[in-house]
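Numbering (this note's numbering), first residue to last: 23 to 409. For every residue, glycine included, the Cβ atom is placed at its ideal position computed from N, Cα and C. Inspection log for the structure reproduced underneath, given as structure tokens.
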Ligand code: SAH
């Protein structure tokens, strides 16, 4: 007769080392190994759970049919579960973009955006998309998920709607990976066979939640099967974390939100520039070790009559000279409470032309999902928008 070893429930919970709920999603192989070990199960069970969570993307412990039933019930009895953020609502744009409002275990909400065609930030050199697929079964070619890293944001960029929320809390690694899993499931996308790009450019500043962000990246690469070459993280300019990212063995490509060509202007629109000014930021950019065929991205939000003149474009050219980088231009996406103007298209194209003529690769990001408040800088939970 098979002897069923019952683990001490408290040991099982201690091993998970996280507050309620005891969610397996977000644990890495090492943590899962500690967990199964404390339950008296062999180490290969950890690999089975890892596979069920990230490769099969099971919805519940029940679905993890590669695990013995009694082990599953021991875990369930200990309050252990599997859960990715719940899709509370979907807003579908006329351009196909979907903005998801997701609810977390503590009723906080975040937003995650599905862009079936990307936003052309990746156009040209593929630096945000990796290789262009030949075309795929779903009929989309550059599908991109824009992932949030925090509930709200602490960086007070004057042109961004998320900033108006302030920061409420960090997302843990499971909540970051879970957003991707929920969208993949909803869109019926199956990495690694289906290609998908990830941009960590949703709500929050990923570099103010660095440990959870980088852990999520590892789980997405090793577990879900999305290559790091198809991921880009954007920072408002938390300089010490740029050096930390450079030292990571598994890391996305880097985008830096520059948004102004001189300190005076940048401090006005991005107060964090007082702490990490352009000299510090650009030094970190210059020292960032690029991989084969990799380039940095500088994002530049064009604010009408603030930072969009020919003079600003020429100043920008001087600033980024010598750095292997491209510039992504984003015309301001408007929103309530944002005092800036969106420059017209001819101004955007003139600005782009000055950069290109000076040898700086520059692309104009198409706004995606502006009509449903899904575009860059517009992620502010619908609850607040409605009020
Ligand atoms: N916190 C990170 C990632 C989120 S913002 C960062 O700052 O980079 C993603 C991009 O959207 C940034 O480049 C930011 O400058 C841009 N952005 C913010 N508000 C915007 C708005 N209202 N219109 C257009 N782009 C905006």
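Using the DSSP secondary-structure output, state which residues sit across from residue i in a beta bridge.
{"i": "residue 20", "result": "Since the first residue of the chain shown is 23 and the last is 409, residue 20 is not available in this structure."}
{"i": "residue 411", "result": "Outside the modelled stretch of the chain, which goes from 23 to 409, sits residue 411, for which no answer is possible."}
{"i": "residue 320", "result": "278, 349"}
{"i": "residue 136", "result": "120, 167"}
{"i": "residue 219", "result": "166"}
{"i": "residue 103", "result": "45"}
{"i": "residue 209", "result": "Residue 209 is not bridged to any residue."}
{"i": "residue 125", "result": "108, 131"}
Would you check if the distance between the CB atom of residue i and the CB atom of residue j is smaller than 9 angstroms?
{"i": "residue 194", "j": "residue 381", "result": "no"}
{"i": "residue 355", "j": "residue 392", "result": "yes"}
{"i": "residue 44", "j": "residue 130", "result": "no"}
{"i": "residue 187", "j": "residue 173", "result": "yes"}
{"i": "residue 394", "j": "residue 204", "result": "no"}
{"i": "residue 260", "j": "residue 230", "result": "yes"}
{"i": "residue 257", "j": "residue 279", "result": "yes"}
{"i": "residue 320", "j": "residue 268", "result": "no"}
{"i": "residue 398", "j": "residue 323", "result": "yes"}
{"i": "residue 272", "j": "residue 240", "result": "yes"}
{"i": "residue 401", "j": "residue 184", "result": "yes"}
{"i": "residue 275", "j": "residue 316", "result": "yes"}
{"i": "residue 388", "j": "residue 396", "result": "no"}
{"i": "residue 291", "j": "residue 336", "result": "no"}
{"i": "residue 51", "j": "residue 97", "result": "no"}
{"i": "residue 216", "j": "residue 136", "result": "no"}
{"i": "residue 359", "j": "residue 308", "result": "no"}
{"i": "residue 295", "j": "residue 306", "result": "no"}
{"i": "residue 330", "j": "residue 369", "result": "yes"}
{"i": "residue 93", "j": "residue 65", "result": "no"}
Which residues mark the beginning and the end of the beta strand (DSSP E) in which residue i is found?
{"i": "residue 114", "result": "108–114"}
{"i": "residue 235", "result": "Unbroken run through residue 235 is the alpha helix (DSSP H), 232–241; no beta strand (DSSP E)."}
{"i": "residue 173", "result": "172–174"}
Which stretch, first to last residue, makes up the alpha helix (DSSP H) that contains residue i?
{"i": "residue 290", "result": "285–291"}
{"i": "residue 192", "result": "Where residue 192 is concerned, there is no enclosing alpha helix (DSSP H), although the beta strand (DSSP E) it sits in stretches over 189–192."}
{"i": "residue 300", "result": "300–309"}
{"i": "residue 186", "result": "It is not in any alpha helix (DSSP H) - residue 186 carries neither H nor E in the DSSP assignment."}
{"i": "residue 263", "result": "261–268"}
The ligand HEM heavy atoms versus the CB of residue i: any closer than 8 angstroms?
{"i": "residue 232", "result": "Ligands present in the displayed structure are limited to the ligand SAH, and the ligand HEM is not among them."}
Counting pairs of beta carbons, one from the region 106–116 and one from the region 56–75, are three or more of them closer than 8 angstroms?
They do not touch, by the three-pair rule.
Which runs of the alpha helix (DSSP H), 4 residues or longer, sit entirely within the region 326–402?
332–342, 367–379
Taking three-plus beta-carbon pairs below 8 angstroms as touching, is the region 165–176 in contact with the region 219–231?
yes
Can you list the alpha helix (DSSP H) stretches of 4 or more residues lying completely in the region 36–84, in chain order?
Complete alpha helix (DSSP H) runs here, min 4: 51–60, 66–72.
Answer yes if the region 77–84 comes into contact with the region 335–355, meaning at least three C-beta pairs across the two stretches below 8 angstroms, and no otherwise.
no
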